[in-house]
Amino acid sequence: MIEDVIYLDNNATTKIAPEVVEEMLLFLKENYANPSSIYYLAQNIKKHIETAREKAARLLNAEPSEIIFTSGGTEADNMAIKGIAFANEKKGKHIITSSIEHHAVINTCKYLEKHGFEITYIPVDKYGIVDVDLIKKSIKNDTILISIMYVNNEIGTIEPVAEIGKIAREKGVYFHTDAVQAAGKIKIDVKEQNIDLLSISGHKFHGPKGAGALYIRKGIKIDALLHGGHQENNLRAGTENVAGIIGLGKACEIADEDLKNIKMKSEIKRLRDKLEKGILEKIPKIIVNGHPEKRIDNTLNICIKYIEGESILINLDLEGICASSGSACTSGSLEPSHVLLALGLPHEIAHGSLRFSLSKYTKEKEIDKVLEILPVIVQKLRNLSPFWKKGK
Amino acid sequence: MLQYSDKVMEQFKSMKNAGRIENADGIGKVGNPVCGDVMWIYIKVDENEVITDCKFETFGCVAAIATSSLATELVKGKKIDEAKDITNKRIVELLGGLPKEKFHCSVLAEEGIKKAIEDYKNKKAGK
Ligand SMILES: Cc1ncc(COP(=O)(O)O)c(C=O)c1O
Ligand code: FES
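Protein chains in written order, with the numbering used here: chain A, 1 to 392; chain B, 1001 to 1127.
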């Protein structure tokens, strides 16, 4: 990426850490053997894969044997939900999820509906927190799985996973959480939080794209998605993406260290808060989305009333600033983001949504630049809006 | 994000004719049934029925802004009977195409101009 680009779209993906690239290169170049082979060259690679597994396990307080490597968050979500569904369909065909899940979860559930499963979509409040009472009440004799995301990717709201985990465990229902936006950002403890299955994705925390993992608590049986060789304990056939796995492991190791780095964590929050406060001071008629406190430190999602997200994004892009929007105009689907609608926002407000997501690489001068440029863009577009004058 | 042609980006950046005309002779207010976006077109017409000025305001996307920027440019200096034959297809052609999900945005400009001319005629007839 070009040096002077201001990258504030870290919930879409992150810059890969140089240390991660370095480790991966060894496995793209010299260490090319197939880890399933018998000779030393291959067995040595196998050992590195197991080390990566230990690192991933440590980030989640899981056991290495509970980690299955996948091609990313989407595959981990699919594997967890379909895997539990097809392994338990004799026991029941009811699954509980939320209305603000990532499409990797929602569309997997929709697919299962076509195969005779019944899905309950639990609504959220205006901050995006799921209704835990309703989850509890929705559990039936044939409920086999609850899948609720750890952190929402659009608004950054942190869901009460420990509470849900406790309920699920008490009722004997499996609990999966999509922790793609949580891993590396907040401390996850699958044991303490009673989590049965959990998805992570490397590229969301400075690891490589196309590498992720599913944690499956010891003793839980799931059906495989991919059938073939014996890799990944027979659960994920196919020759391993060795460099990807090594990179993911390294990213987990760094993330684990970074989590203990209070200074680094509070700096991300300080910059996010500065951005939020600055925007609210400089631009009138702004709505901040997500929970005021239970929100991941790197995310700011706002709605800028009377204007439309795509025009804002393109104007920002012309200034070298990368952000994202849940506006219908950017989705290609003509519907604003399902997450913003689930918060109860009307269509025209959701249209003006803008998301900034920071990382440890974000610099203060980048935030200052946004605070300088965004008000100008907003003013320009509002001057063009037939609604603005009336709203004034 | 969708891929826009250079011409679209040019129009979007220039935003020619963005704004409103006070005391306009005709105003066309249209909404896009597909996405819910909105476009207002203002025209100024002289005694020879020539459009002397045309501006737009929109709550719409990049494609909506680019198409109306070009469309307002096209009708300026034209007689209203000529101007009302403007089509979104022609506008899109001149812009070097639009992503297919964005084709519907171009109808706002066409309909806005037609409505504004209609509004002008109604006002005149009412006089
Ligand atoms: C919450 C959430 N789940 C799943 C995914 C999908 O992950 P991946 O891109 O690794 O397939 C993403 C990323 O887009 C996400 O934000
Ligand atoms: S005008 Fe609504 S998406 Fe383009």
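Cβ atoms here follow ideal geometry from the backbone N, Cα and C, with glycine treated the same way.
Since the model is a prediction, treat every value here as computed from it, not as a measurement.
- The C-beta of Lys91 of chain A has fewer than 16 other C-beta atoms within 10 Å across all chains shown, which makes the residue exposed.
- Just so you know, the alpha carbons of Tyr127 of chain A and Ile302 of chain A end up roughly 12 Å apart.
- Annotated three-state conformation of Arg1020 of chain B is coil, per DSSP.
- Among the residues of chain B, those whose CB is under 7 Å from the CB of Glu310 of chain A are Cys1061 and Val1062, following chain order.
- With respect to chain A, the C-beta atom of Asp1037 of chain B has a partner C-beta closer than 8 Å.
- Closest in C-alpha terms to Ala182 of chain A, from the list A:Glu170, A:Ala224, A:Asn153 and A:Lys110, comes A:Asn153.
- For Leu1070 of chain B and Thr1058 of chain B, the gap between their C-alpha atoms comes out near 14 Å.
- Sequence-ordered contacts of the segment 1003-1014 of chain B with chain A read Tyr1004, Met1009, Phe1012 and Lys1013 [C-beta pairs closer than 9 Å].
- Taking the CA atoms as reference points, Cys109 of chain A sits about 9 Å from Ile96 of chain A.
- Taking 7 Å as the Cβ-Cβ cut-off, the segment 1043-1076 of chain B approaches chain A at Glu1057, Thr1058, Phe1059, Gly1060, Cys1061, Val1062 and Ile1065, given in chain order.
- In the DSSP assignment, Glu1057 of chain B falls outside any alpha helix (DSSP H) and lies within the beta strand (DSSP E) extending over Ile1051 to Phe1059.
- Around Asn1017 of chain B, the same chain offers Cys1054, Lys1055, Phe1056, Ser1069, Thr1072 and Glu1073 as residues with beta carbons nearer than 7 Å, after the five sequence neighbours per side are excluded.
- By the Cβ-count criterion, Asp1119 of chain B is buried, with 16 or more other Cβ atoms from all chains shown falling within 10 Å of its own Cβ.
- In the DSSP secondary-structure assignment, Val190 of chain A is not bridged to any residue.
- Relative to ligand 1, even the nearest heavy atom lies 7 Å or more away from the CB of Ser147 of chain A.
- According to DSSP, residue pairing for Trp388 of chain A in a beta bridge does not occur.
- Assigned with DSSP and collapsed to three states, Ile139 of chain A falls in coil, not helix or strand.
- Using a cutoff of 7 Å, the CB of Ser201 of chain A counts as near ligand 1, since one of the ligand's heavy atoms is closer than that.
- Under the 8 Å Cβ criterion, the segment 39-47 of chain A does not count as touching the segment 191-209 of chain A, having fewer than three qualifying pairs.
- For Arg217 of chain A, no beta strand (DSSP E) encloses it, and the DSSP letter there is neither H nor E.
- Closest option to Trp388 of chain A, judged by alpha-carbon separation, among A:Lys305, A:Ile314 and A:Ala213: A:Lys305.
- In this structure, Gln193 of chain A has its beta carbon at no less than 7 Å from each heavy atom of ligand 1.
- Cα atoms of Asp256 of chain A and His291 of chain A: separation of roughly 25 Å, rounded to the nearest angstrom.
- The beta carbon of Ser98 of chain A sits closer than 6 Å to the beta carbons of Ile122, Val130 and Ile148 from its chain, once the five residues preceding and following it are set aside; these are given in chain order.
- If you check each beta-carbon in the segment 1019-1033 of chain B against every beta-carbon of chain A, the ones closer than 9 Å belong to Gly1019, Arg1020 and Lys1029.
- Under the three-state reduction of DSSP, Phe27 of chain A is assigned to helix.
- In the three-state scheme derived from DSSP, where H, G and I count as helix and E and B as strand, Tyr174 of chain A is classed as strand.
- For Asn1032 of chain B, the CB falls within less than 7 Å of some heavy atom of ligand 2.
- Here the C-alpha atom of Gly184 of chain A lies approximately 6 Å from the C-alpha atom of Phe205 of chain A.
- Burial is judged here by how many other beta carbons sit within 10 angstroms of a residue's own beta carbon; Val376 of chain A has fewer than 16 and is exposed.
- Taking a Cβ-Cβ threshold of 8 Å, the residues of chain B close to Asn383 of chain A are Ala1018 and Gly1019, in chain order.
- When C-beta distances to chain B are compared with 8 Å, the residues of the segment 346-376 of chain A below that value are His347, Glu348 and His351, in chain order.
- Ligand 2 has a heavy atom closer than 7 Å to the beta-carbon of Leu1108 of chain B.
- Tyr150 of chain A and Lys294 of chain A have their C-alpha atoms some 11 Å from each other.
- From the beta-carbon of Pro284 of chain A, no residue of chain B is found nearer than 9 Å; the closest lies around 17 Å away.
- Residue B:Val1030 holds the alpha-carbon nearest to the alpha-carbon of Pro386 of chain A among B:Lys1007, B:Lys1121 and B:Val1030.
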